[in-house]
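Position one of the sequence shown corresponds to residue 1 (UniProt numbering), numbered consecutively onward.
Glycine is no exception: its CB is placed at the ideal position from the N, C-alpha and C atoms.
Predicted model only: the values in this text are computed from it and were never measured.
Data first, discussion second: the structure below is written as structure tokens.
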Amino acid sequence: MTSSTPTPPKLISAIDESGTVLCVYNRDAKAGSWEAVPPEKTTRGYAKDMLDVFLPAGYPHTVTPDYTPYQIYDSLQAFSSTIAGLLSSRAVLEGFGVGDSTSTATAAVLLTVLQESTGRLATILFAHRFGQAIEPECKRYRFLADVLNDGALALDVLTPALLSCLSFPSSSSPTSTSTSTTTLALTTTHHYYVRALLLSASGILRALCGVAAGAAKASLSAHFARSGHNNLAELNAKDGSQETVISLLGMLAGSLFVRAVSGTTAVWLSMTVLVAIHLGTNYKAVRAVQLRTLNRQRAQLVLRHYSATGGVLSPALAAGKERVLRWRSPRVDGGGKIAFARSYPRTDEIGAADLWRHRGDPYVVVAVLGGGRTIYMKEGATARDVLAAWFEALFLCSSSGNSGGKRGEVGGAAAKGGNGESSVREIMDDEEFWKALASAGWDLNANALETGPAIRLRVE
Numbered sequence: 001m002t003s004s005t006p007t008p009p010k011l012i013s014a015i016d017e018s019g020t021v022l023c024v025y026n027r028d029a030k031a032g033s034w035e036a037v038p039p040e041k042t043t044r045g046y047a048k049d050m051l052d053v054f055l056p057a058g059y060p061h062t063v064t065p066d067y068t069p070y071q072i073y074d075s076l077q078a079f080s081s082t083i084a085g086l087l088s089s090r091a092v093l094e095g096f097g098v099g100d101s102t103s104t105a106t107a108a109v110l111l112t113v114l115q116e117s118t119g120r121l122a123t124i125l126f127a128h129r130f131g132q133a134i135e136p137e138c139k140r141y142r143f144l145a146d147v148l149n150d151g152a153l154a155l156d157v158l159t160p161a162l163l164s165c166l167s168f169p170s171s172s173s174p175t176s177t178s179t180s181t182t183t184l185a186l187t188t189t190h191h192y193y194v195r196a197l198l199l200s201a202s203g204i205l206r207a208l209c210g211v212a213a214g215a216a217k218a219s220l221s222a223h224f225a226r227s228g229h230n231n232l233a234e235l236n237a238k239d240g241s242q243e244t245v246i247s248l249l250g251m252l253a254g255s256l257f258v259r260a261v262s263g264t265t266a267v268w269l270s271m272t273v274l275v276a277i278h279l280g281t282n283y284k285a286v287r288a289v290q291l292r293t294l295n296r297q298r299a300q301l302v303l304r305h306y307s308a309t310g311g312v313l314s315p316a317l318a319a320g321k322e323r324v325l326r327w328r329s330p331r332v333d334g335g336g337k338i339a340f341a342r343s344y345p346r347t348d349e350i351g352a353a354d355l356w357r358h359r360g361d362p363y364v365v366v367a368v369l370g371g372g373r374t375i376y377m378k379e380g381a382t383a384r385d386v387l388a389a390w391f392e393a394l395f396l397c398s399s400s401g402n403s404g405g406k407r408g409e410v411g412g413a414a415a416k417g418g419n420g421e422s423s424v425r426e427i428m429d430d431e432e433f434w435k436a437l438a439s440a441g442w443d444l445n446a447n448a449l450e451t452g453p454a455i456r457l458r459v460e
């Protein structure tokens with residue numbers, strides 16, 4: 001029996017992460033090697049090379065589908081924000097006293113120190129209070145950051161206008177005969193106090209914007225980076241390149257715009273239009289994001305849809321129903337809300353009946369004063385256990401009569417069995433339910449429900 005001779009390997013082509021052919025190879029029989037034949041450069045090829053400077057390697061295969069619409073709207077909002085920022089900068093200089101003969105360089109420095117100090121203190125407090133809530137609610141905080149930024153811009157523009165309009169009653173001697181009828185312009189001291197107040201307020205808003213935007217964008221970048229490509233660092237770097245170009249274009253356009261816009265009315269009209277464009281495009285940007293983690297709102301949407309239809313919403317469909325700013329946490333009769341514990345349970349807050357009812361569960365759901373329910377997770381609870389606890393609380397909330405929507409909207413499945421608690425346990429124990437969530441694209445290994453300290457109970 002003769003053995004067949006193996007076919008020698010043949011070099012065909014070289015491709016990048018996206019599958020684009022970089023070069024093909026022809027066999028050179030005389031030299032016994034392969035001849036590289038790169039494709040001819042076209043206008044489209046040069047344009048692609050230019051875009052590759054600003055896009056992640058392997059785009060669009062190395063990022064999620066919602067990356068492109070988000071970046072388009074994000075670039076538009078950054079462009080309008082840059083122009084509005086130039087108008088604001090001019091007003092800030094006036095607020096610091098540029099062009100005012102009564103102002104001094106020392107006073108301007110002190111105002112800068114005050115603005116920076118108050119902003120940094122606000123940063124510390126905001127990060128401590130809301131730091132853990134930003135990642136689960138990154139879409140909300142990404143939009144809120146720009147609302148805060150626009151508020152700071154508005155205060156900056158308001159500062160010189162307010163200084164020119166406000167006046168205080170004369171501080172003349174009480175014996176002056178004209179005291180009751182004459183008013184004087186704000187004194188230098190009064191001007192300084194008003195400037196300090198307004199500039200400090202704008203500094204605080206701008207600092208809060210920096211914290212919220214930075215943390216939310218980091219979370220969004222982690223979402224856009226597809227698993228297996230390890231391109232999170234590159235994605236952030238390319239995002240910085242995009243912002244740099246947009247800022248440069250915005251400053252170029254803004255320089256021409258600022259020269260053409262003068263006068264209080266024109267400035268305010270321009271700011272109104274720019275802020276409207278800024279917030280509108282930013283809203284479109286965050287609405288385009290299809291997060292795969294189940295936070296409180298998305299979990300409620302998924303459970304409500306499952307109760308009504310028996311099917312599971314996909315992240316794309318849930319994104320279309322999700323509200324960016326206005327969403328009310330589920331509540332029970334009497335106005336009490338559902339919440340995860342943010343501290344250890346006080347005396348008699350958890351009863352023996354509560355522990356017995358949840359003896360086999362990795363969590364304890366207890367009723368609290370005011371009609372609400374508090375969820376305590378047990379030690380060793382996983383992200384899926386946290387999700388199961390929230391689902392059970394939603395069902396129990398609905399069976400009490402109010403889930404933030406119509407009665408029975410979330411707890412329809414629970415009502416079928418006549419016993420909400422037993423029905424929800426059947427669903428939570430049904431492995432097919434969890435498989436359906438995973439198949440729909442939801443990440444069950446991420447805990448996006450606890451937005452505060454992760455309190456755990458040790459139960460024997």
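> Does the beta-carbon distance from Tyr-73 to Thr-281 come in below 8 Å?
Replying inline: yes
>> Cutting at 6 Å between CB atoms, please list the residues of its own chain near Tyr-376, excluding the five before and the five after it.
In response: Ala-341, Val-364 and Leu-457
> According to DSSP, what are the bridge partners of Asp-443?
Replying inline: Thr-293
> Using 8 Å as the Cβ pair cut-off and three pairs as the minimum, do the stretch 313-321 and the stretch 342-357 touch?
Replying inline: no
> Rounded to a whole number of angstroms, what is the C-alpha to C-alpha distance between Asn-445 and Thr-5?
Replying inline: Looking at the two C-alpha atoms, the distance is approximately 51 Å.
> At a cut of 8 Å, does the stretch 19-26 reach the stretch 205-220 through at least three beta carbon pairs?
Replying inline: no
>> Assuming Val-275 is part of the alpha helix (DSSP H), what are its boundary residues?
In response: 264-288
>> Looking at the secondary structure, which residues open and close the alpha helix (DSSP H) in which Ile-124 lies?
In response: 105-134
> At what residues does the beta strand (DSSP E) containing Thr-374 begin and finish?
Replying inline: 373-378
> Cα-Cα, which of Ala-145, Thr-62, Lys-378 and Arg-292 is closest to Phe-130?
Replying inline: Ala-145
> Is Leu-232 closer than 8 Å to Ala-222 when the C-beta atoms are compared?
Replying inline: Contact flag set, yes.
>> Could you tell me the alpha carbon to alpha carbon distance between Thr-7 and Arg-27, rounded to whole angstroms?
In response: 15 Å
> Are the beta-carbon atoms belonging to Val-312 and Ala-440 less than 8 Å from one another?
Replying inline: yes
> Which runs of the beta strand (DSSP E), 3 residues or longer, sit entirely within the stretch 18-73?
Replying inline: 21-28 and 33-37
>> Taking 6 Å as the limit between beta carbons, can you name the residues of its chain near Ile-246, skipping five residues before and five after?
In response: Ser-75, Ala-78 and Phe-79
>> Measuring only the C-alpha atoms, how far is Val-147 from Glu-35?
In response: 58 Å
> Can you name the start and end residues of the beta strand (DSSP E) that Ser-13 belongs to?
Replying inline: 13-15
> Is Leu-87 near Val-366, with beta carbons less than 8 Å apart?
Replying inline: no
> Which one or two residues does DSSP pair with Ala-339 in a beta bridge?
Replying inline: Per DSSP, Thr-374.
>> Taking 8 Å as the cut-off, does the stretch 260-278 touch the stretch 287-306 (at least 3 CB pairs, one atom from each stretch)?
In response: Fewer than three Cβ pairs drawn from the stretch 287-306 and the stretch 260-278 lie within less than 8 Å of each other, which leaves the two stretches out of contact.
>> Here's the rule I'm using: 16 or more other beta-carbon atoms within 10 Å means buried, otherwise exposed. How should Tyr-306 be labelled?
In response: buried
>> For Val-366, list the residues DSSP reports as bridge partners.
In response: Thr-374
> So, Glu-379 versus Met-428, is the Cβ gap smaller than 8 Å?
Replying inline: no
>> Per the DSSP calculation, Arg-456 is bridged to which residue(s)?
In response: Met-377
>> Using C-beta distances below 6 Å, list every residue in its chain close to Ser-81, excluding the 5 sequence neighbours before and after it, in chain order.
In response: Taken in chain order, the residues that qualify are His-278.
> Is the Cβ-Cβ distance between Leu-387 and Leu-449 less than 8 Å?
Replying inline: Yes, these two residues count as a Cβ contact at 8 Å.
> Is Ala-448 helix, strand or coil when you go by DSSP?
Replying inline: Coil.
>> Let me confirm a value: Asn-419 is counted as buried when at least 16 other C-beta atoms fall within 10 Å, else exposed. Which label applies?
In response: Since pLDDT at Asn-419 reaches only 48, below the 50 mark, its modelled position is unreliable, and no value is offered.
> Are Ala-122 and Ile-204 close, meaning C-beta to C-beta below 8 Å?
Replying inline: A contact, by the Cβ cut-off of 8 Å.
> For Thr-225, which residues does DSSP report across the bridge?
Replying inline: Reading off the sequence, residue 225 comes out as Ala, not Thr. Bridge partners of Ala-225: Val-63.
> Distance, Cα to Cα, Ala-107 vs Arg-298?
Replying inline: 50 Å
> Quick one, are the C-beta atoms of Thr-451 and Pro-136 less than 8 Å apart?
Replying inline: yes
>> Our contact map puts Ile-83 next to Leu-274 with C-beta atoms below 8 Å; I'd like the distance itself, whole angstroms only.
In response: 6 Å
> What separation, rounded to the nearest whole angstrom, lies between the Cα atoms of Ser-33 and Glu-40?
Replying inline: Roughly 22 Å separates the two Cα atoms.
>> By the DSSP assignment, the alpha helix (DSSP H) with Gly-320 in it spans what residues?
In response: 315-321
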